[in-house]
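Asker: In terms of our numbering, the sequence shown opens at residue 49 and continues consecutively. Backbone N, C-alpha and C define an ideal beta-carbon position, used for all residues, glycine too. Structure below; questions to follow.
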Amino acid sequence: MLTNSDVKMEEKKTDIINNPFFTRSLCAPPQVYKASDVYRPSCAKLNVYDWLNNIELAPDKTRHEYIEVRFKNSKKDFFKLLQGMKLEISDFVAVESSPGHDIGIVTMKGEAVKIQMKKKKFRLDPDQIKKVYRRARASDIEKWISAVNNEELTMYKSRGIASELGLEMKINDVEYQGDGTKAIFYYTANERVDFRELIKMLAEQFRVRIEMRQIGARQEAARLGGIGSCGRELCCITWLTNFSSVTTNNARTQQLSLNPSKLAGQCGKLKCCLNYENDMYIEALKEFPANDIILKTKKGEAEFQKTDVFKRIIWYSYINDNSSMMAIPLDKVKEIIEMNAKGQIPEQLEDYAETQGQKTEYVNGIDEEELIRFDEEYS
49 MLTNSDVKME EKKTDIINNP FFTRSLCAPP QVYKASDVYR PSCAKLNVYD WLNNIELAPD
109 KTRHEYIEVR FKNSKKDFFK LLQGMKLEIS DFVAVESSPG HDIGIVTMKG EAVKIQMKKK
169 KFRLDPDQIK KVYRRARASD IEKWISAVNN EELTMYKSRG IASELGLEMK INDVEYQGDG
229 TKAIFYYTAN ERVDFRELIK MLAEQFRVRI EMRQIGARQE AARLGGIGSC GRELCCITWL
289 TNFSSVTTNN ARTQQLSLNP SKLAGQCGKL KCCLNYENDM YIEALKEFPA NDIILKTKKG
349 EAEFQKTDVF KRIIWYSYIN DNSSMMAIPL DKVKEIIEMN AKGQIPEQLE DYAETQGQKT
409 EYVNGIDEEE LIRFDEEYS
């Protein structure tokens with residue numbers, strides 16, 4: 049039988065799943081006519097800490113007039129404050145858009161924004177920089193809530209329309225502008241898609257301005273999220289912002305089996321984590337001999353099979369007998385290569401191979417002890 053705490057926990061899980069504002073880092077939909085603390089910057093990639101917030105400026109300096117505003121998923125932008133406007137972190141603001149205005153959440157202000165703009169190489173063009181109109185009013189938030197609640201249904205309907213037109217594309221996400229006058233449709237496609245007819249039908253169906261924006265498979269996974277084979281959240285949704293190219297050479301360098309089902313991530317592309325340790329493997333492999341070097345012994349010639357980079361072990365087998373492999377330490381392999389270079393031929397590889405240690409049997413020591421050991425007093 050479920051207790052009251054269990055029921056509340058289930059209700060909380062349901063609220064999170066059914067909360068369309070979760071992608072905007074809100075633990076619950078905003079309250080229109082009362083102040084509510086619902087902003088929860090839990091995503092590591094988008095979370096920022098304003099470590100300059102409590103530092104007083106010099107008398108001859110004025111506070112930075114730009115703020116950082118967050119929208120849906122990983123979308124962020126910088127906006128200019130109007131003269132005399134004061135905002136706090138997590139405030140809802142109405143900002144300039146084209147056309148109309150959008151609603152976002154203030155994530156950073158002050159001098160930290162200046163550093164972030166420099167890091168992002170943001171160009172301060174007076175003609176292109178957008179402005180903050182005002183702190184969002186109750187009427188603004190009402191329209192915003194109504195627009196966001198329509199996003200999921202709009203996405204499913206647009207998928208049906210695209211299917212009826214026979215378009216080879218997948219609509220992954222829909223983002224409504226805060227005033228409800230514009231919707232951005234994010235899609236993936238393997239080839240170029242002529243969606244002119246689709247735009248006409250979407251505009252007629254939803255009565256908003258339509259913008260189609262193509263994204264890659266990795267960007268799709270970053271927007272949708274998920275759990276990787278490692279058991280953790282996907283890197284692309286938690287902290288990874290720049291997507292570097294990944295090739296099968298990385299897998300070969302790390303001595304991994306070229307199994308597509310294991311090397312591919314949820315996006316269907318090679319896992320980004322194949323890049324993380326690749327440089328370390330390349331540096332470590334510089335100490336290893338080339339794979340095409342043949343080891344000569346009186347028993348026969350041996351060829352390379354595989355490498356354990358960090359155990360510094362190389363496996364070899366005789367050319368006329370590939371069924372049995374021998375693990376030879378790196379220093380021993382180099383010793384044999386030096387001997388061969390001097391014209392010396394060792395007897396056999398077995399003399400240099402590592403021997404498998406004797407296995408220790410498992411002993412259940414708990415059963416041999418008495419339970420009263422927990423009652424013993426230690427002085």
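Would you call C278 buried or exposed, if buried means 16 or more other Cβ atoms sit within 10 Å of its Cβ?
Answerer: Translated into the one-based positions of the sequence shown, residue 278 becomes position 230. Exposed, since its Cβ has fewer than 16 Cβ neighbours within 10 Å.
Asker: Taking only three categories from DSSP, how would you classify L378?
Answerer: Taking the sequence shown and counting its residues from 1, the one referred to as residue 378 is at position 330. Helix at L378.
Asker: Out of S122, E159 and V143, state which residue places its alpha-carbon closest to the alpha-carbon of L100.
Answerer: Within the sequence shown, numbered from 1, the residue matching residue 100 stands at position 52. Closest option to L100, Cα to Cα, is E159.
Asker: Just the Cα atoms here: how many angstroms apart are I232 and I263?
Answerer: Within the sequence shown, the letter at position 184 stands for residue 232. Within the sequence shown, the letter at position 215 stands for residue 263. Distance between the alpha carbons of I232 and I263: 12 Å.
Asker: Tell me whether I341 counts as near the ligand ATP, meaning its Cβ is closer than 6 Å to at least one heavy atom of that ligand.
Answerer: Absence of the ligand ATP is noted for the structure shown, with no ligands found whatsoever.
Asker: Output the distance between the C-alpha atoms of L129 and Y181, rounded to the nearest integer angstrom.
Answerer: Sequence index remark: in the sequence shown, residue 129 carries index 81 (1-based). Sequence index remark: in the sequence shown, residue 181 carries index 133 (1-based). Going by the C-alpha atoms only, they are around 8 Å apart.
Asker: Quick one: using the 10 Å Cβ neighbour count with 16 as the cut-off for buried, is R171 buried or exposed?
Answerer: In the sequence shown, residue 171 corresponds to position 123, counting from 1. With fewer than 16 other Cβ atoms within 10 Å, it is exposed.
Asker: Spatial neighbours of G228 within its chain, please: C-beta separation below 6 Å, excluding the five flanking residues on both sides.
Answerer: On the sequence shown, residue 228 is found 180 positions in, with the first residue counted as 1. Contacts found: K191 and A195.
Asker: Look at the Cβ atom of Q302, then the Cβ atom of Y329, and state whether they are nearer than 7 Å.
Answerer: Mapped onto the sequence shown, residue 302 falls at position 254. Mapped onto the sequence shown, residue 329 falls at position 281. Cβ atoms of Q302 and Y329: closer than 7 Å.
Asker: What would DSSP say about N220, mapped onto helix, strand or coil?
Answerer: Within the sequence shown, residue 220 is the residue found at index 172, counting from 1. In the structure shown, N220 sits in a strand (DSSP, three-state: E or B).
Asker: Among the residues of its own chain, which have a CB less than 6 Å from the CB of M373, if the five just before and after it don't count?
Answerer: Taking the first residue of the sequence shown as 1, we reach residue 373 at position 325. Answer for M373: Q353, W363 and S365, listed in chain order.
Asker: Can you list, in chain order, the residues of its chain whose CB lies under 6 Å from that of M260, leaving out five sequence neighbours each side?
Answerer: Looking up residue 260 in the sequence shown gives position 212. So the qualifying residues of the chain are F233 and F243.
Asker: If you measure between the beta carbons of A142 and A186, is that distance less than 7 Å?
Answerer: The residue you call residue 142 lines up with position 94 of the sequence shown. The residue you call residue 186 lines up with position 138 of the sequence shown. No, the pair does not count as a contact, with Cβ atoms beyond the cut-off.
Asker: Which whole-angstrom value is the C-beta distance of K347 and E395, which I expect to be below 8 Å?
Answerer: Translated into the one-based positions of the sequence shown, residue 347 becomes position 299. Translated into the one-based positions of the sequence shown, residue 395 becomes position 347. Their Cβ separation, rounded to whole angstroms, is 7 Å, which keeps K347 and E395 in contact under 8 Å.
Asker: Do A270 and C283 have their beta-carbon atoms positioned less than 7 Å apart in this structure?
Answerer: Residue numbering aside, residue 283 sits at position 235 when the sequence shown is read from its first letter. Residue numbering aside, residue 270 sits at position 222 when the sequence shown is read from its first letter. For C283 and A270, no; Cβs fall outside 7 Å.
Asker: Does DSSP put E47 in a helix, a strand or coil?
Answerer: Nothing in the structure corresponds to residue 47, since the chain is present only between 49 and 427.
Asker: Nearest-angstrom Cα distance between S305 and N297?
Answerer: Translated into the one-based positions of the sequence shown, residue 305 becomes position 257. Translated into the one-based positions of the sequence shown, residue 297 becomes position 249. Taking the straight line joining both Cα atoms gives about 11 Å.
Asker: Anyone know if the C-beta pair for V154 and I137 falls short of 7 Å?
Answerer: Within the sequence shown, residue 154 is the residue found at index 106, counting from 1. Within the sequence shown, residue 137 is the residue found at index 89, counting from 1. In this structure, I137 lies closer than 7 Å to V154 by Cβ.
Asker: E236 bridges to which residues according to DSSP?
Answerer: Here residue 236 is taken as the residue at index 188 of the sequence shown, counted from 1. Per the sequence shown, the amino acid found at residue 236 is Thr instead of Glu. BP columns for T236 point to K218.
Asker: For K168 and K230, what's the separation of their Cα atoms in angstroms?
Answerer: Here residue 168 corresponds to residue number 120 of the sequence shown, with the count starting at 1. Here residue 230 corresponds to residue number 182 of the sequence shown, with the count starting at 1. Spanning the two alpha carbons is a distance of roughly 27 Å.
Asker: If I follow the unbroken alpha helix (DSSP H) through E252, where does it start and stop?
Answerer: The sequence position of residue 252 within the sequence shown is 204, counting from 1. Here the alpha helix (DSSP H) through E252 covers R244 to F254.
Asker: What does D356 pair with, by DSSP beta-bridge criteria?
Answerer: As a position in the sequence shown, residue 356 is number 308, starting the count at 1. In DSSP, D356 forms a bridge with I361.
Asker: Could you tell me which residues DSSP pairs with M203 in its beta bridges?
Answerer: Here the question's residue 203 lines up with position 155 in the sequence shown. None, per the DSSP bridge assignment.
Asker: Assign F69 to one of three DSSP states: helix, strand, or coil.
Answerer: Along the sequence shown, one-based indexing puts residue 69 at 21. Correct three-state label for F69: helix.
Asker: Compute the distance between the beta-carbons of I209 and Y235, then report whether it is under 7 Å.
Answerer: Translated into the one-based positions of the sequence shown, residue 209 becomes position 161. Translated into the one-based positions of the sequence shown, residue 235 becomes position 187. No; because the gap between Cβ atoms is not below 7 Å, this pair is not in contact.
Asker: Give the range of the beta strand (DSSP E) segment to which K128 is assigned.
Answerer: Along the sequence shown, one-based indexing puts residue 128 at 80. That run of the beta strand (DSSP E) goes K124 to K128.
Asker: May I ask you to report which of helix, strand or coil DSSP gives D369?
Answerer: Within the sequence shown, numbered from 1, the residue matching residue 369 stands at position 321. Strand.
Asker: Does DSSP classify R257 as helix, strand or coil?
Answerer: By 1-based counting over the sequence shown, the position of residue 257 is 209. Three-state DSSP puts R257 in a strand.
Asker: Starting from Y329, trace the alpha helix (DSSP H) in both directions and tell me its first and last residue.
Answerer: The residue given as residue 329 occupies position 281 in the sequence shown. First-last of the alpha helix (DSSP H) with Y329: N326 to L333.
Asker: For the beta strand (DSSP E) containing D188, name the first residue and the last one.
Answerer: Position 140 of the sequence shown, counted from the first residue, corresponds to residue 188. No beta strand (DSSP E) contains D188, which is instead part of the alpha helix (DSSP H) from A186 to N197.
Asker: According to DSSP, is V161 part of a helix, a strand, or is it coil?
Answerer: Taking the sequence shown and counting its residues from 1, the one referred to as residue 161 is at position 113. Note: V161 maps to helix in three-state DSSP.
Asker: Quick one: measure Cβ to Cβ for G226 and I151, integer angstroms, because I've assumed they're closer than 8 Å.
Answerer: Residue 226 sits at position 178 when you count from the first residue of the sequence shown. Residue 151 sits at position 103 when you count from the first residue of the sequence shown. Sure, about 3 Å apart at Cβ, within 8 Å.
Asker: Have a look at T286, R360 and E200 and flag the residue whose alpha-carbon is nearest the alpha-carbon of S122.
Answerer: Numbered from its first residue, the sequence shown carries residue 122 at position 74. S122 has its Cα closest to that of T286, out of T286, R360 and E200.
Asker: In whole angstroms, give me the CA-to-CA distance for K390 and E335.
Answerer: Translated into positions along the sequence shown, residue 390 becomes position 342. Translated into positions along the sequence shown, residue 335 becomes position 287. Straight-line Cα distance between these residues: approximately 21 Å.
Asker: Considering only C-alpha positions, which residue in the set T289, R118 and V357 is nearest to M156?
Answerer: As a first step, residue 156 is located in the sequence shown; it is residue number 108 there, counting from the start. The shortest Cα separation from M156 among T289, R118 and V357 belongs to R118.
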